[in-house]
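Worksheet: one structure, shown below.
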Amino acid sequence: MIGNLSLMTILYRLPALFVGFTFHEYAHAWVADRLGDDTPRLTGRLRLDPFAHIDILGMLMLLIAGFGWAKPVQVNPGRMRGRHAMLWVSLAGPLMNLIIGFIFTGILVAMLFYGAYGNIWYNIVSEMVSINLVLCVFNLIPLPPLDGYNIVKNFIHPRNLKAMWTFEKYGPLLLMALVLLGFTSGILSNIVGFLLAHMVELFVWLFTLLGL
Numbered sequence: 017m018i019g020n021l022s023l024m025t026i027l028y029r030l031p032a033l034f035v036g037f038t039f040h041e042y043a044h045a046w047v048a049d050r051l052g053d054d055t056p057r058l059t060g061r062l063r064l065d066p067f068a069h070i071d072i073l074g075m076l077m078l079l080i081a082g083f084g085w086a087k088p089v090q091v092n093p094g095r096m097r098g099r100h101a102m103l104w105v106s107l108a109g110p111l112m113n114l115i116i117g118f119i120f121t122g123i124l125v126a127m128l129f130y131g132a133y134g135n136i137w138y139n140i141v142s143e144m145v146s147i148n149l150v151l152c153v154f155n156l157i158p159l160p161p162l163d164g165y166n167i168v169k170n171f172i173h174p175r176n177l178k179a180m181w182t183f184e185k186y187g188p189l190l191l192m193a194l195v196l197l198g199f200t201s202g203i204l205s206n207i208v209g210f211l212l213a214h215m216v217e218l219f220v221w222l223f224t225l226l227g228l
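Take 17 as the starting number for the sequence shown in my numbering and just add one per residue.
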């Protein structure tokens, strides 16, 4: 037992953590590479190897506390083509988690349709959905060093960027304080619940339509 987590819950959650973190960071690396920056390739991040992307402490924090992090992908914006290159790189990680969450929601609904509720595979798939949706939503919070901040920063006029440096310096501390004080948990739960409910509705409608 770790905190309030049973050993079985940890075992169900670990595959989701490996998949969620690995594909999130790989998506950042892949988009940066496609836009002309070979830094992720040179630093060994352009591969689906969990150990190239996972930060052990960050994974343990997500496992236990509900938030965590992976090793950030190093990129060089000066090597990338296009004015909004960093926007696409920043969006890639959360979007990948959303896609994974969407796919596994479909699998989850299919398992419910065929009476597989409550078995080990159902629990693993359920964690795959929830972890990936949490990673998607959490990373879109517009506070440094999260992807959401880099997305917002892309729309700030260059002459105002200098004023953001102080915010970037203390932003991680603010984010940590908000998480530890519980201010983010309610927001995450509400948004993840909203996404999950609508994705489930979509797949139930689709499976019913197809007569599965």
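Beta carbons are placed, not taken as given, at the ideal position from N, Cα and C, and that holds for glycine.
Out of Gly-74, Val-153 and His-100, which one is the CA nearest neighbour of Phe-171? His-100
Rounded to the nearest angstrom, what separates Cys-152 and Gly-98 at their Cα positions? 24 Å
Expected contact under 8 Å - CB spacing of Phe-39 and Met-112 to nearest Å: 5 Å
Counted within 10 angstroms of its Cβ, other Cβ atoms place Ile-18 as buried (16 or more) or exposed: Here Ile-18 scores only 46 on pLDDT, less than 50, and its place in the model is too uncertain to base an answer on.
Within 10 angstroms of its Cβ, does Asp-233 collect 16 or more other Cβ (buried), or is it exposed? The displayed coordinates of the chain run from 17 to 228. Any statement about residue 233 would go beyond what the structure contains.
In three-state terms, what does DSSP make of Ala-108? helix
If you reduce the DSSP assignment to three classes, tell me which class Gly-187 lands in. helix
In terms of residue numbering, what span does the alpha helix (DSSP H) encompassing Asn-170 cover? Per DSSP, Asn-170 belongs to no alpha helix (DSSP H) and is neither H nor E.
If you pair each beta-carbon of the stretch 134–152 with each one of the stretch 105–123, do three or more pairs fall below 8 Å? yes
If distances are taken between C-alpha atoms only, which option among Gly-202, His-69, Met-127 and Asn-92 comes closest to Val-220? Met-127
Are His-69 and Ala-81 close, meaning C-beta to C-beta below 8 Å? no
Please report the distance separating the alpha-carbon of Met-241 from that of Glu-217. No information on residue 241 is available, as it lies outside the stretch 17 to 228 that the chain covers here.
What residue ranges within the stretch 56–141 form continuous alpha helix (DSSP H) runs of no fewer than 4 residues, ordered along the chain? 66–69, 72–81 and 101–129
Evaluate the contact criterion for the stretch 155–163 versus the stretch 180–200: three or more CB pairs, one atom per stretch, below 8 Å. yes
Proximity test, Thr-224 beta-carbon vs the ligand HEM heavy atom, cut-off 7 Å: No copy of the ligand HEM occurs in the structure displayed, which carries no ligand at all.
Reducing DSSP to helix, strand and coil, say where Asp-49 ends up. helix
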